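Residue numbers (the working numbering), protein chains in the order written: chain C, 1 to 736; chain P, 737 to 880. C-beta atoms are modelled at their ideal positions from N, C-alpha and C, and glycine is treated no differently. Just so you know, these numbers come straight off a predicted model, no measurement behind them.
Okay, here's the thing in C-alpha cells:
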C-alpha cells in the first residue's frame with residue numbers, strides 16, 4: 001500500500017471516529033432534550049389536569065352551594081320551616097318544605113335531605129336514615145351553625161363496607177341580618193359516586209395509568225377519599241402512614257405543591273401534580289406512571305439509538321466509500337496514466353509506422369488509419385474514417401475481394417493492390433491483413449498493413465530491363481559466339497592441320513636434335529681423334545727423328561702441332577657452347593663471394609707464373625645455377641688475367657650492387673680494353689678483337705657468358721676503351 | 737708376376753699406338769692386351785670358350801676402356817664388368833674423348849674408378865698415360 005494511501009486510511013479512520021462520536025453526542029443530547037421535553041410537557045399536562053380537576057371539584061361544590069342557596073333564599077321555604085318547626089302539625093308548611101326539598105333532591109339525585117331543628121333533631125327527611133345521624137354529622141352541623149353558612153362535611157361511610165357519602169349542611173336563618181336566630185339546619189347527603197368521583201376519574205387525555213386522587217390527613221395517616229384506579233378497595237378504607245414520604249399523597253398532605261416525583265401506593269414511580277383543594281380539607285394528587293410518560297421516551301430512545309447507530313453506519317459506509325473511492329481514484333489515475341502511456345506508445349508505434357495501416361469493419365468501412373495512410377491517400381483521417389476502404393484503390397473490386405478474403409480466411413499475405421492518391425498517383429503495395437478480435441473472441445474487423453513496393457517494383461523493372469538487356473546481349477553474344485565457334489571450328493580444323501604440321505616439325509626437330517647430338521658426339525670423338533693422331537705423330541717425329549730434320553722442317557712440324565692443338569680447342573669450345581643450349585638450369589641460392597673465391601683459386605693454380613690479386617668489394621648473394629655462374633666468373637676472370645698480362649701492376653676488381661629487382665655484378669680490369677666501335681662483335685661466337693698471336697683463345701668465352709646469363713633471364717654488357725681496361729657487367733634476378 | 741697388367745679396350749689404332757708409344761717412351765714395362773671393340777672385351781672376360789681366352793685366367797690389374805666402341809659400346813662393357821662378381825673388383829679407367837656430362841655421370845653410376853678425357857695435346861696425352869699406369873698398375877703392384 002503506497003504511504004499516502006496509508007496516511008489517507010489513518011485520516012479516514014480518525015474522521016470516522018470523530019463523526020461517530022459527534023453523532024453519538026447529538027443523539028444523546030437529542031435524547032436528553034426529548035426526555036426534558038416529555039418531562040416538561042408531562043408536568044404541564046399534569047398541572048393542567050390538576051387545575052381542571054380542582055376546578056371541577058370547585059364547580060361541583062359551587063353547584064352544590066348553588067343548590068343550597070336556592071333553599072336558603074327561598075323565603076317561603078324559610079317561613080314554612082319556621083312554621084313547621086314551631087308546629088309540627090302544620091301540614092301545609094310541611095308539604096311546602098318537602099316539595100322544595102324533593103325538587104332540590106331531584107335536581108342532583110341527592111341521597112337524602114334532612115331538616116333538623118335547633119337541637120339537631122331530625123324533623124323531616126326525604127328518605128329513611130340511621131338513627132344516630134345527628135351524631136355522625138354533629139360537627140358539620142355545628143360548624144354550619146357557627147359559620148351561619150354552608151359547610152361541607154367530609155366523606156364518611158354509613159357503616160362498615162357501606163357506601164361513601166358526603167354531607168353538606170347549612171342553617172336556616174329567619175330574616176336577614178347578622179344576628180338573626182337560626183331556626184334549624186338542613187343536611188344534604190351527597191353520593192360522590194354520582195358526579196364527584198366520575199368527574200375526578202375523567203381525564204382529558206387518554207391514559208393507561210393516569211389518575212386523580214383525593215386524600216386527607218387523619219392524624220398520622222392519609223386516607224384516600226376516592227375510588228382508586230389500581231386498588232379495588234372501597235374509598236376511605238385505604239390508609240397509609242405519613243412516614244411514607246415517597247408518596248406524593250403524603251407530600252401533598254404535608255403541604256407541598258406543584259410537581260413531584262415519587263412512588264405511589266403501588267410502589268410505582270410516578271410523576272404527580274399535588275396541591276390542596278381550596279375550601280376543603282382535601283388534597284389532590286394528579287399522577288401518572290413514569291412508565292407511561294417515558295414509554296414514548298423509550299421509543300424515542302430506541303429510535304434515537306437506532307438513528308445514531310444508523311448514522312454511524314452511514315458515516316462508516318460513506319467514509320469507507322470515500323476512502324475506497326479515493327483509493328479507486330488513485331488507482332484509476334495511476335491506471336489512466338499507465339493506460340495513457342501504453343495507449344500513446346501503441347498509438348505512437350502505429351503512427352510512426354511507414355506502412356499505411358488501417359482497420360476495416362465487416363461492412364468494409366475504414367475504422368482507423370495512421371499517418372502513412374493519410375500520406376499515401378492524400379486525405380485526412382477525418383475523411384478516411386467511415387468511408388469505404390475499397391474506394392482508395394485503382395481496382396476497388398479487387399480491394400473489396402481482399403478484405404473479404406481476410407474475413408473469410410482470418411488472414412491474407414502479400415495481397416497486391418495499388419493505392420490511388422487524391423492526386424491520381426498510384427502506389428503499388430502488398431497488403432498483409434488479419435482479423436482482430438475483442439476480449440470475448442468476436443471478430444471486430446481487419447487490421448491491414450500495406451507495404452510500399454514502388455521502389456521494389458522499380459528495381460524489379462530495372463532488373464527485368466537489365467535482365468532483358470542481358471538476355472539480348474547474351475543472345476547477341478550467343479550468336480557471335482556461334483559465329484566465332486564456327487570460325488573457331490574452322491580454325492580448329494586448320495589448327496589441327498597446323499598441329500599435325502607442328503607435330504611433324506617437332507618430330508623433325510627432335511630428330512635433328514638427336515642428329516645434332518650424335519653429331520656433337522661424333523665431333524668430339526671422330527673429329528678430335530684424327531687431330532690427336534696428327535699431333536701425336538708429329539710429336540713422335542719431333543722426338544724420335546729430330547736429328548734427321550733440318551731446322552725449317554722441325555719448325556713446320558711444330559706448326560702442325562700447334563695448329564692441330566688449336567683446332568682441338570676450337571672443337572672443345574664449340575662443343576661446350578652448343579652443350580649450353582641444351583642444358584637445364586638448376587637454380588639455387590648462391591654465396592657469390594665464396595663462389596668467386598673458388599674460381600679465383602682455380603685460376604691461380606692454372607696461372608702460377610702470374611702474381612695476381614683480386615679486389616672483391618661487396619658482392620650480394622644471388623640466385624642461379626652454381627656450375628654455370630662459376631663458368632661465367634671463370635670466363636670473365638680468365639679474360640681479365642689474359643688481357644692484363646702486359647701490365648706491370650695488374651688490377652682486377654669484382655663486386656656488385658642491388659638495383660631494383662636485379663643484382664648487378666661486374667668484373668673490372670686494367671688490361672688492354674677494347675674499342676667500343678667493335679662492341680657488337682664482343683659477345684659473338686669465335687669473335688676476337690685481338691690477334692691470336694697477341695692473346696690466345698678461341699673467342700668463345702664471352703659468348704658462353706652471354707648465353708648463360710641470358711638463360712638466367714639476365715643482361716650482359718661491357719664498357720671499355722682501348723688500352724684503358726674493360727668492365728663486364730651481368731645481372732641476375734633477385735627473385736628465385 | 738702373374739697375369740696381365742692392363743687390358744686396353746680401344747678401337748682407334750692411332751690412339752693405341754700413341755698409348756703404346758707413351759708407355760715405351762716412359763720406359764714403363766707392363767704387359768698389356770689390346771681389345772679393339774666391346775664385343776671382344778665381353779668375350780675376353782665372360783666367354784672363355786672363345787679363341788682368345790685370357791691367359792691363365794688371371795684378372796688384369798687395370799682395364800682402360802674407351803666409350804665409343806664398335807659392336808658393344810663402352811658403357812655396356814663397363815656395366816657387365818661392374819655387375820659381375822668375378823670382374824667387379826678390377827679397376828676400370830674410362831679414357832675417352834667424350835666430354836658429355838651424360839657419359840661421365842653414367843660411368844660413375846656404373847662404378848667406374850676413374851673417368852679421364854683424352855687431351856687433344858699429344859704431350860698431354862702421353863703424360864696422362866704415364867700417370868694412369870703409374871697409379872693403377874705400378875703403385876697398386878707395389879702396394880701388393
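Nearest-angstrom Cα distance between residue i and residue j?
i, j, result
"residue 192(C)", "residue 25(C)", "53 Å"
"residue 101(C)", "residue 276(C)", "32 Å"
"residue 44(C)", "residue 204(C)", "13 Å"
"residue 244(C)", "residue 216(C)", "15 Å"
"residue 19(C)", "residue 197(C)", "56 Å"
"residue 629(C)", "residue 513(C)", "26 Å"
"residue 853(P)", "residue 860(P)", "11 Å"
"residue 278(C)", "residue 150(C)", "15 Å"
"residue 392(C)", "residue 479(C)", "49 Å"
"residue 338(C)", "residue 330(C)", "12 Å"
"residue 511(C)", "residue 502(C)", "13 Å"
"residue 850(P)", "residue 804(P)", "16 Å"
"residue 140(C)", "residue 61(C)", "15 Å"
"residue 878(P)", "residue 870(P)", "Low local confidence applies: a pLDDT of 44 at residue 878(P) is under 50, so the model's placement there is unreliable, with the coordinate-based value given in what follows. The alpha-carbon atoms of residue 878(P) and residue 870(P) are separated by roughly 10 Å."
"residue 298(C)", "residue 67(C)", "49 Å"
"residue 735(C)", "residue 660(C)", "11 Å"
"residue 875(P)", "residue 845(P)", "25 Å"
"residue 782(P)", "residue 834(P)", "26 Å"
"residue 721(C)", "residue 617(C)", "23 Å"
"residue 709(C)", "residue 622(C)", "13 Å"
Is it true that the CB of residue j sits closer than 8 Å to the CB of residue i?
i, j, result
"residue 449(C)", "residue 402(C)", "no"
"residue 697(C)", "residue 642(C)", "yes"
"residue 773(P)", "residue 747(P)", "yes"
"residue 830(P)", "residue 810(P)", "yes"
"residue 701(C)", "residue 635(C)", "yes"
"residue 200(C)", "residue 214(C)", "yes"
"residue 285(C)", "residue 272(C)", "yes"
"residue 596(C)", "residue 619(C)", "yes"
"residue 414(C)", "residue 454(C)", "no"
"residue 262(C)", "residue 247(C)", "yes"
"residue 817(P)", "residue 742(P)", "no"
"residue 209(C)", "residue 288(C)", "yes"
"residue 873(P)", "residue 766(P)", "yes"
"residue 12(C)", "residue 317(C)", "no"
For residue i, which residues from the same chain have a beta carbon less than 8 Å from its beta carbon, with the 5 sequence-adjacent residues on both sides left out?
i, result
"residue 355(C)", "372, 449, 450, 451, 452"
"residue 411(C)", "432, 433, 434, 435"
"residue 293(C)", "38, 39, 42, 271"
"residue 808(P)", "773, 774, 775, 777, 778"
By Cβ distance below 6 Å, which residues in the same chain neighbour residue i in space, the five residues on each side in sequence not counted?
i, result
"residue 865(P)", "755, 758"
"residue 384(C)", "366, 369"
"residue 343(C)", "none"
"residue 651(C)", "670"
"residue 843(P)", "830, 851"
Using a Cβ-Cβ cut-off of 7 Å (strictly less than) and excluding sequence neighbours within five positions of residue i, which residues of its own chain qualify?
i, result
"residue 379(C)", "422"
"residue 437(C)", "443, 444"
"residue 565(C)", "535"
"residue 50(C)", "273, 275, 284, 286"
"residue 137(C)", "153, 167, 169, 187"
"residue 848(P)", "814, 828, 830"
"residue 614(C)", "600, 652, 654"
Using a beta-carbon distance below 8 Å, is residue i in contact with chain D?
i, result
"residue 529(C)", "Reference to chain D is not applicable here, since the protein chains of this structure are C and P."
For residue i, is the beta carbon positioned less than 7 Å from some heavy atom of the ligand ADP?
i, result
"residue 252(C)", "With respect to the ligand ADP, the structure shown offers nothing to examine, as it has no ligands at all."
In chain order, what residues of the stretch 533–551 of chain C put their CB closer than 8 Å to some CB of chain P?
Result list: 533, 535, 536, 537, 538, 539, 540, 543.
Name, going along the chain, the residues of the stretch 858–874 of chain P whose beta-carbon falls closer than 8 Å to a beta-carbon of chain C.
Of all residues in the stretch 858–874 of chain P, 858, 859, 861, 862 have a Cβ within less than 8 Å of some Cβ in chain C.
Can you give me, in chain order, the residues of the stretch 571–582 of chain C that have a beta carbon less than 9 Å from any beta carbon in chain P?
The residues in question are 571, 572, 575, 576, 579.
Output, in sequence order along the chain, the residues in the stretch 744–760 of chain P whose CB is closer than 8 Å to any CB in chain C.
Listed in chain order, the positions of the stretch 744–760 of chain P with a beta carbon within less than 8 Å of a beta carbon of chain C are 748, 750, 751, 753, 754, 757.
Under 9 Å (Cβ pairs) to chain C, residues found in the stretch 820–835 of chain P:
Interface annotation for the stretch 820–835 of chain P against chain C: 832, 833, 834, 835, criterion Cβ-Cβ distance under 9 Å.
When you check each C-beta in the stretch 657–683 of chain C against every C-beta of chain P, which residues fall closer than 9 Å?
The residues in question: there are none.
When Cβ atoms are compared, which residues of the stretch 624–647 of chain C fall closer than 8 Å to chain P?
Per Cβ criterion, the list is empty.
Contained alpha helix (DSSP H) runs [length at least 4] in the stretch 373–421 of chain C, N- to C-terminal order:
As summarised for the stretch 373–421 of chain C, the continuous alpha helix (DSSP H) elements at least 4 residues long and confined to that stretch are 381–384, 396–409, given in chain order.
Give me the subset of the stretch 763–774 of chain P whose CB atoms are less than 9 Å from a CB atom of chain C, sorted by chain position.
Closer than 9 Å at the C-beta level to chain C, one finds no residue of the stretch 763–774 of chain P.
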